[in-house]
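These notes are about the structure you will find just below.
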Amino acid sequence: MPWLILLGSAVLEAVWATALGASDGFTRPAPTVVFLVALTLSMLGLGRAMRSIPIGTAYAVWTGVGAALTVTYAIATGAESVSVWKVVFLLGIIGAVIGLKLVPSGAVSAEGDGAGQPSD
Numbered sequence: 287m288p289w290l291i292l293l294g295s296a297v298l299e300a301v302w303a304t305a306l307g308a309s310d311g312f313t314r315p316a317p318t319v320v321f322l323v324a325l326t327l328s329m330l331g332l333g334r335a336m337r338s339i340p341i342g343t344a345y346a347v348w349t350g351v352g353a354a355l356t357v358t359y360a361i362a363t364g365a366e367s368v369s370v371w372k373v374v375f376l377l378g379i380i381g382a383v384i385g386l387k388l389v390p391s392g393a394v395s396a397e398g399d400g401a402g403q404p405s406d
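Using the working numbering, read the sequence shown as starting at 287 and increasing by one per residue.
Okay, here's the thing in structure tokens:
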């Protein structure tokens, strides 16, 4: 469940980032309200997910998925141009996110000596 919350939170990150751009410096009320609601829910979801997912992994996944979705939406709506390199790098972000999900979370302790043994 924490991973689903994290992914939902990342989708909301893309929503608030897009709404922020559409708010025209907070001068347009509707996008400003969407921004504030999506930002609040996104942060709450990120905070909840980080209770079970390591902070570095959770934050990397949240920002990576959010950024990839934001760019993909901008390309789909014509607000941003598409290129082969953008697609390659977006796939790289998604690949990195999948890799972070697949890596075991308890491989090496932060307090360890790097060899899996606790330090004194």
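By construction, the Cβ of each residue, glycine as well, lies at the ideal position given by its N, Cα and C atoms. In this text, all values refer to a predicted model and were calculated from it rather than measured experimentally.
Excluding five sequence neighbours on each side, which residues of the same chain lie with their C-beta closer than 7 angstroms to the C-beta of residue i?
i, result
"residue 306", "321"
"residue 351", "293, 296, 383"
"residue 359", "300, 304"
Rounding to the nearest angstrom, what Cα-Cα distance links residue i and residue j in this structure?
i, j, result
"residue 363", "residue 325", "22 angstroms"
"residue 342", "residue 335", "12 angstroms"
"residue 299", "residue 349", "8 angstroms"
"residue 331", "residue 378", "24 angstroms"
"residue 304", "residue 356", "7 angstroms"
"residue 344", "residue 391", "11 angstroms"
"residue 374", "residue 367", "14 angstroms"
"residue 319", "residue 287", "28 angstroms"
"residue 314", "residue 389", "43 angstroms"
Under a Cβ-count criterion, where at least 16 other Cβ atoms within 10 Å of its own Cβ denotes burial, should residue i be classed as buried or exposed?
i, result
"residue 328", "buried"
"residue 302", "buried"
"residue 354", "buried"
Which residues in the same chain as residue i place their Cβ atom closer than 6 angstroms to its Cβ, once the five residues preceding and following it in sequence are excluded?
i, result
"residue 308", "317"
Please indicate yes or no: does the CB of residue i lie closer than 8 angstroms to some heavy atom of the ligand NAP?
i, result
"residue 321", "Only the bare structure without any ligand can be found here, which leaves the ligand NAP out of the picture."
Can you give me the Cβ contacts of residue i inside the same chain, cut-off strictly under 8 angstroms, excluding the 5 residues immediately before and after it?
i, result
"residue 346", "382, 383, 386"
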